[in-house]
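Residue numbers (full-length UniProt numbering): 1 to 432.
Set out below in structure tokens:
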């Protein structure tokens, strides 16, 4: 949809021509370059037509799809003196859009947009809608993530997240600042949503001391109002002593919160949101050692890697096949490269976990890739291969395992996965 003095639905949700990305991009390019004949910015008519004609069955709106309206504009609505059409109150179309479950995001660009923030907020329907302001269009492309993120407004119950709210409650924070911080956190909770099966929040407060007020396991705070009450209660507490030990807060979050015991779920995305008024502060009476932020971040990265492994190894593929040859070829050509992040000063290892020999189904027409070819490339890059074969059939397939490992590699065979965890030392020694 484009709008100026007139409003045009350039394509609706039914138009299958624009289910292809390239076609849709071409449409945007063509229509965005059109200069209208007359002055006018009838934002109200655009929103009204979107409500009445686009988010309807006839307009292709699907009952099982989330509805999002993203408006790009450079400032406030303008109605010329020659335009006799009546104004449409923002409240009317916002009420109608809300009844249809449409989330509104206004992307306002230009200096005038900042001056007209109040009007832009009304169009978005804040606080339920989202307003994003940018000084110029050159900056806009670098903020695509903001816009994509904003499309997850409302409850977001289908996105499982474990979100740690880490709030600075130091003595230097005054009553007004504490109140504003509470409002901001409550808005975050409202927009993201919280539920037993969806998003979980944990609350950590810190000043001289760090306290986990609630972890992800605490079902009392899987309800929005209870969580808000906890935030309200804990953020108003004024500590006895001076200090802002952000380092201890991050360390505690890394070591105790994003863990199985802390309620961290392997299938949920992990986020930390730190609310603070400035730099960390350690008083002269605080004898506890400083903890490097790098250490805490390293632990958090490690937890992310564990979550990724857990997530990907539980996926069951649709089709039969064990294309070990393609895996080794891809690793050799794309992973152990500068682009793949390979470092010249680091030792290179591949640890292959498999339950038997490679298998290519009769429907797989891709050519076989000789292990010798992959091994030659890997050898030239100084990569050592360790094959961990697990299962009752691997002993019969020792030759195939050896072909994968190569003459400089190592083959470790185990009868079942239950025995594997107790043999970690074997794998670690093999990397030496």
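C-beta: ideal position from N, C-alpha, C; glycine also.
Item: Where the beta strand (DSSP E) containing residue 213 begins and where it ends; Value: 210 to 214
Item: Length of the line joining the Cα atoms of residue 242 and residue 53; Value: 59 Å
Item: The region 163 to 182 / the region 239 to 255 touching (three or more Cβ pairs under 8 Å); Value: yes
Item: Where the beta strand (DSSP E) through residue 349 begins and ends; Value: 348 to 354
Item: Cβ pair count under 8 Å reaching 3, the region 110 to 122 against the region 177 to 185; Value: no
Item: Outcome for residue 116 when other beta-carbon atoms lying within 10 angstroms are tallied against a minimum of 16; Value: buried
Item: Inter-stretch contact (C-beta, 8 Å, three-pair minimum) for the region 371 to 390 and the region 353 to 361; Value: yes
Item: Residue 173 - DSSP class collapsed to helix/strand/coil; Value: coil
Item: Minimum C-alpha distance to residue 282 - residue among 256, 206, 272, 406; Value: 206
Item: 3 or more residues per run - each beta strand (DSSP E) lying fully within the region 315 to 382; Value: 348 to 354
Item: Beta-carbon proximity of residue 31 to residue 10, cut-off 8 Å; Value: yes
Item: CB contact check: residue 203 to chain D, cutoff 8 Å; Value: The chain inventory of the structure shown lacks chain D, comprising one protein chain alone.
Item: DSSP state of residue 47 mapped onto helix, strand, coil; Value: helix
Item: Inter-stretch contact at 8 Å, needing at least 3 Cβ pairs: the region 398 to 409 / the region 376 to 388; Value: yes
Item: Residue 404 - containing alpha helix (DSSP H), residue span; Value: 398 to 405
Item: Separation of residue 172 from residue 66, as counted between CA atoms; Value: 43 Å
Item: Beta-ladder partner(s) of residue 23, from DSSP; Value: Partner(s): none; residue 23 has no beta bridge.
Item: Beta carbon of residue 138 nearer than 8 Å to that of residue 87; Value: no
Item: Residues of its chain near residue 321, where Cβ-Cβ distance is below 8 Å and the 5 sequence neighbours each way are ignored; Value: 359, 360, 361, 364
Item: Contact between the region 251 to 264 and the region 213 to 223 (3+ Cβ pairs under 8 Å); Value: yes
Item: Reference residue 84; option with closest CA among 42, 98, 62, 160; Value: 42
Item: Candidates 328, 62, 92, 268: closest to residue 401 by CA position; Value: 328
Item: Distance between beta carbons of residue 377 and residue 333, contact taken as under 8 Å; Value: 7 Å
Item: Cβ-based neighbour list, residue 60, same chain, cut-off 6 Å, excluding 5 preceding and 5 following; Value: 12, 13, 14
Item: Buried versus exposed call for residue 26 [16 or more other C-beta atoms within 10 Å across all chains shown]; Value: exposed
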